[in-house]
Amino acid sequence: MTIAPTEQAQRQSSAGPLPDQPPSQGTPLLRHFALAALADRLYETLADRPDLPEHQFLLDQLAVVQAAPGGHGDWVERLATALRRPASADLHLLHLAQTLQLTVFELLTVALTAAVEDEAMVGRTLAHLQTPLGGSRPTLGLLATAFSSLLDATTHPIHLLMTGAAVQSGLLEVLNASAPWTERSLRVPPHLCLAIHGHDGLYPGATIGVALEGLPPLPPSLRREAAQHARGLAAGRQLLVIRTNALAEGKAAAAWIGEELGRRPVFLSEERPVGLSPWLILRELLPVFLLELAPGQRYTLPPLPFYPGPVLALCGPDGTVDGETMPTLRWSLSVPPPAERRQLWQMALDNPDEALVDELARHYRHGSARIAELGHLARLQAIRRGAEQPERCDVLHAARSGEGGGLDALAQLLPDSIPDEALVTPPTLQQELERLLLRCRARDGLVEGLGLSAVARYRPGVCALFVGPSGTGKTLAAGWLATRLGLPLYRVDLAAVTSKYIGETEKNLAQLLARAEQAEVILLFDEADSLFGKRTDVQQANDRFANAQTNYLLQRMEAYDGIAILTSNSRTRFDPAFTRRLDAIIEFAVPGPQERRALWLAHLGEHHRLPPQDLNRLAAAADLTGGHIRNVVLAAAVLAQQTSRPIEYRDILEGLKAEYRKLNKQMPVVLKP
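In our numbering, each number is its position in the sequence shown, counted from 1, plus 635.
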């Protein structure tokens, strides 16, 4: 077939802009033209054996093209007419061809390769033509033969395909890598075949976002910020990094941006799917990469060649994300103000008591995802109680007994409530704990109305250090604080957090703090000096890494948005730079006689027969802390229960003997009867 040079240049150029005319119902599909090209090239062979089903199938495709309305000339000229007014079923593929700037040669190759996947006769025919070397998918050699009419003599068809946008973008996969080029076959990935026909399809590691109704509601302030970012992203190809501790909330923010841009978000792991760019273009998707970055980790987002739209990345507060070929913007999702939290609680609890909503909005700095989760759990708890509406006790039960946002792997929930009567402390210590309680309650709007120096770099997090000998009530005081605040208390498992491998401790602590911020819990670091100890002079490599770990911990705790309680036997073990960052240091001294008497009564309760003189003797002579007194009372209770009687002084003496033996000390003689 002879073609003039000007026509050759036109036929091997890109598919061009989308047609202005409406699609035609009578226009053959692009796959028909691809098969007609094969029939035209092999016409004499096919005509000699029309009885073969594969030959007849190709001849039928040629007849369909030749009978198309408004056409004239050979199949190449009729194709040019069809591209001006294509069939409706080809519009998705033509839109993709326009964006990728595919040549007509590539366009027909994609159409034929995709047809193999959903029309059995196409694959059977190609297998017949390529016997014995090829299979049911088209080989590069067959395609070069079939569509050579579209190219001039100086263009190598296989080179054109291998270096063209269809292969480079992943729209076409080249198989049989060890075979010669002419024997290598092509495949359109399954999710792209479905996308060409207007369907989403599935791909491992990729999830197309659900409707906004399936995500936690965003407060108005975050929706306004999402709209602003969407306007900026619409102006060009950019990367927006969204930082949040709550994945569901980050997905909701991405969905709002997608709503503004007219795109659905698709959530992707770090591994990029094959043919991602064509899939995004075909389904008008907004790529959102879900990243888990360790402290200090730098992640460069892989380029998305041929994709012209914006890209989002969701990650926590640690690490750095950059776009290799895109300008990078950043957005950190903040905790909504009390007025917006009130609206979120109303929606989450389904029109609860107004006073309850006010209290929850004022005292709890939850984000929208956590409020939605707690509201759901509180409504379920109310149903179990047989109540019509959730009450405060249901919300507290949900917060204290529900899933702590993945904290269980790194910390232990301490679910016991500690009433005021259980905390026996001197008046000065009680005052300090009350002030710490007020500090925790006021942390949200503490700097309102203050000067710029106070507002600058303010963080609503609270970090306090409880210092004192073992058994003086530090952990009990933390439980009392959590009970008064209505927040769950998690004791950090230092064995799970710390690691001998460089960088792992920082990574574990980063995950712990991020999850604790999202769940709004109180973290208790027992024996915290093992984590936040003093930095040392660098004498060997391990010292340098240990100091780097301490530096990270100090910086991260300063930026921590929640409440953390640290306990230790001595404040001198902490780095001086860390004590400056503490909001309170509370000393827990060994109790005096009056406190010890109150501790004995608080532990014994009403079920005992100790006269006042024995209680006074215990308080004066048994120089024990609250933890030791607890052990003595429990040991005495064991003896008393054996004979079903109240605790007596003789039982207490047996418990005292055992406790003093543990302490490797002599029991005071005055305590003996």
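C-beta: ideal position from N, C-alpha, C; glycine also.
Option nearest R1285 by Cα separation, candidates A1270, L853, H667 = A1270
The region 700-714 in contact with the region 663-671 per 3-pair CB rule at 8 Å | These segments touch.
Tell me, to the nearest whole angstrom, how far the beta carbon of L968 is from that of E894; I am working on the premise that it is less than 8 Å.
-> Not quite, the Cβ-Cβ distance comes to about 16 Å (not below 8 Å), so this is no contact.
Can you grab the Cα-Cα spacing for the pair Q765 / L743, in whole Å?
-> 18 Å
Apart from the five residues just before and just after L795, which ones in its own chain have a Cβ nearer than 8 Å to its Cβ?
-> Cβ neighbours of L795 beyond the five flanking positions: Q647, T738, F740, E741, L786.
Considering only the beta carbon of each residue, do V901 and G844 sit closer than 8 Å?
-> yes
Count the C-beta pairs between the region 1229-1244 and the region 1271-1285 that are closer than 8 Å, then say yes if the count reaches three, no if not.
-> yes
With distances taken between CB atoms, is the gap from D1196 to E1141 smaller than 8 Å?
-> In this structure, the beta-carbon distance from D1196 to E1141 does not fall below 8 Å.
List the endpoints of the continuous beta strand (DSSP E) containing W966.
-> 963-967
Boundaries (first-last residue) of the alpha helix (DSSP H) holding Q1153 = 1139-1154
To the nearest angstrom, how far is it from the Cα of I1200 to the Cα of A1163?
-> 9 Å
Exposure of R878, with buried meaning 16 or more beta-carbon neighbours within 10 Å | buried
What are the start and end residues of the beta strand (DSSP E) that includes R907?
-> Counting along the chain, R907 falls outside any beta strand (DSSP E), and DSSP gives it neither H nor E.
Apply the 10 Å Cβ neighbour rule to D725 and answer buried if 16 or more other Cβ atoms are within range, or exposed otherwise.
-> buried
Kindly indicate which three-state DSSP category R1179 falls into: helix, strand or coil?
-> Low local confidence applies: a pLDDT of 49 at R1179 is under 50, so the model's placement there is unreliable, with the coordinate-based value given in what follows. R1179 falls in the helix class under three-state DSSP.
Alpha carbon to alpha carbon, how far is P1095 from G1114?
-> 21 Å
Under 8 Å between the Cβ atoms of W598 and E860?
-> As shown, the chain starts at 636 and ends at 1308. That puts residue 598 outside it, with no answer to give.
Return helix, strand or coil for R878, following the three-state DSSP convention.
-> Correct three-state label for R878: strand.
Check whether the region 923-930 touches the region 832-841, taking contact to mean three or more Cβ pairs, one atom from each stretch, closer than 8 Å.
-> no
Cutoff 7 Å; reference A1238; Cβ partners in own chain excluding five residues on either side = With the sequence shown as reference, residue 1238 is identified as His, and Ala is not the correct amino acid for it. So the qualifying residues of the chain are I1264, R1265, V1268.
Nearest to L1048 by CA position, among A1013, A1154, A669, is which residue?
-> A1154
Cβ neighbours of P851 in the same chain (closer than 7 Å, five flanking residues each side left out) | A883, E884, A887, S1003, A1004, A1007
Are three or more beta carbon pairs between the region 684-694 and the region 756-772 nearer than 8 Å?
-> Yes: the two stretches touch, three or more of their Cβ pairs being nearer than 8 Å.
Quick one: using the 10 Å Cβ neighbour count with 16 as the cut-off for buried, is S1203 buried or exposed?
-> So S1203 ends up on the buried side.
Put P922 into one of helix, strand or coil per three-state DSSP.
-> strand
Mind listing, in chain order, the continuous alpha helix (DSSP H) runs of no fewer than 4 residues lying wholly within the region 928-990?
-> 973-984
If you draw a straight line from the C-alpha of L920 to the C-alpha of P952, how long is it?
-> 26 Å
Grab me the residues of P1104's own chain with a C-beta within less than 7 Å of its C-beta, minus the 5 sequence neighbours each way, in chain order.
-> N1204, V1225, T1260
By DSSP, does H727 sit in helix, in strand, or in coil?
-> helix
Exposure of Q1229, with buried meaning 16 or more beta-carbon neighbours within 10 Å = Of the residues assessed, Q1229 falls on the exposed side of the cut-off, its CB having fewer than 16 other CB atoms within 10 angstroms.
Can you check whether the CB of A1233 is closer than 8 Å to the CB of L1306?
-> no
Does E1067 have its Cβ less than 8 Å from a Cβ in chain B?
-> No chain B appears in this structure, which consists of one protein chain only.
If you scan the region 760-802 from start to end, which runs of the alpha helix (DSSP H) of 4 or more residues do you find wholly inside it?
-> 775-781, 792-798
What does E1222 pair with, by DSSP beta-bridge criteria?
-> V1102
Among the residues of its own chain, which have a CB less than 6 Å from the CB of A881, if the five just before and after it don't count?
-> G1002, A1004, Q1153
Run of the alpha helix (DSSP H) containing L714, from where it starts to where it stops | 710-719
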